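Heads up, the sequence shown is in the working numbering, so the first residue is 1 and it goes up one at a time. Okay, structure first, notes after.
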Amino acid sequence: MEKRGQVSIFIVIGIVIVVLIGVFYYIGSSQVERVETVSFNVGPVEEFVEDCVVNEVLEGFELVYENSGYLKDGVVNICREGEYMFKDDIEREVEGYLENIDCDLSSFDLGDLVVRDVGVVIKDKEILVDLDVKDIVVSRGDNEVRINKFNVEVPLRFGEIYDWVHKIKEKAISGEIDGKWSSYLSEARSDKISLRRIPKDTIHTYGVQDMVGIKENEEGNIFKFDCY
Numbered sequence: 001m002e003k004r005g006q007v008s009i010f011i012v013i014g015i016v017i018v019v020l021i022g023v024f025y026y027i028g029s030s031q032v033e034r035v036e037t038v039s040f041n042v043g044p045v046e047e048f049v050e051d052c053v054v055n056e057v058l059e060g061f062e063l064v065y066e067n068s069g070y071l072k073d074g075v076v077n078i079c080r081e082g083e084y085m086f087k088d089d090i091e092r093e094v095e096g097y098l099e100n101i102d103c104d105l106s107s108f109d110l111g112d113l114v115v116r117d118v119g120v121v122i123k124d125k126e127i128l129v130d131l132d133v134k135d136i137v138v139s140r141g142d143n144e145v146r147i148n149k150f151n152v153e154v155p156l157r158f159g160e161i162y163d164w165v166h167k168i169k170e171k172a173i174s175g176e177i178d179g180k181w182s183s184y185l186s187e188a189r190s191d192k193i194s195l196r197r198i199p200k201d202t203i204h205t206y207g208v209q210d211m212v213g214i215k216e217n218e219e220g221n222i223f224k225f226d227c228y
């Protein structure tokens with residue numbers, strides 16, 4: 001009985017030793033894997049693409065400002081039925097523009113950026129962009145990381161400017177400012193926006209300018225439109 005008990009103790013001790021060796025091996029492997037993952041930095045690639053998206057969005061909205069909410073074809077009469085671009089219409093226009101985004105990843109020895117899906121949301125002071133792209137595969141040694149989604153916030157007060165344009169359009173259509181454009185031009189000025197004729201000697205073409213942008217040493221974007 002005594003020998004049998006000793007054998008049982010040795011068996012238990014052996015099992016414990018095997019379990020401990022397995023635990024230590026697992027912990028060691030996890031630590032090595034974690035260190036390799038942390039040191040694998042894809043930040044420069046992500047930052048490059050995000051900067052590219054910001055620049056493309058700003059260029060797209062420069063066209064929107066110049067073309068009364070459209071991307072081309074010049075200033076239009078937004079007070080005429082069917083001509084006015086609603087906010088969600090502009091979002092769709094810019095989404096189409098970003099589908100052909102040109103981000104050159106050759107400096108990272110990567111292929112072209114291929115857009116699968118894009119979503120644009122206009123807020124008062126920023127433009128939100130969700131970009132779904134074909135996998136960007138960043139490799140180092142036997143490790144690789146696949147990047148395929150970007151969420152970018154572009155600082156641009158387009159939403160606030162657009163709301164002013166909409167307000168002016170509604171007042172003009174209702175006849176509230178008929179024959180009183182000169183006085184309304186003076187009244188519709190604040191520390192945030194300025195309503196003026198573009199150019200000064202025109203009768204029907206106006207612009208709502210972002211005065212906050214000017215104060216921040218940026219270009220004060222002007223949303224141009226006709227209204228008659």
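The C-beta atom is built at its ideal place from N, Cα and C for all residues, glycine as well. Quick caveat, the model's predicted, so the values are computed rather than measured.
Check: In DSSP terms, what Gly207 is bridged to; Outcome: Arg196, Lys224
Check: Helix, strand or coil at Val212 [DSSP, three-state]; Outcome: helix
Check: Beta-carbon proximity check, Val53 vs Val138, cutoff 8 Å; Outcome: no
Check: Nearest residue (CA-CA) to Gly119, options Ser186, Leu131, Ile193, Glu81; Outcome: Leu131
Check: Nearest to Asp51 (by Cα), restricted to the options Val76, Ala172, Asn151, Glu81; Outcome: Asn151
Check: Tyr65 classed as buried or exposed, judged by whether at least 16 other C-beta atoms fall within 10 angstroms; Outcome: buried
Check: Beta-bridge pairing of Lys149 - partner residues as DSSP gives them; Outcome: Asp132
Check: Collapsed DSSP secondary structure at Ile15 in the structure displayed; Outcome: helix
Check: Short Cβ contact (8 Å threshold) for Ile101 with Leu113; Outcome: yes
Check: Candidates Lys192, Lys171, Asp89: closest to Leu71 by CA position; Outcome: Asp89
Check: CA-to-CA distance, Phe158 to Phe225, given in whole angstroms; Outcome: 15 Å
Check: Exposed unless 16 or more other CB atoms sit within 10 angstroms - verdict on Asp73; Outcome: exposed
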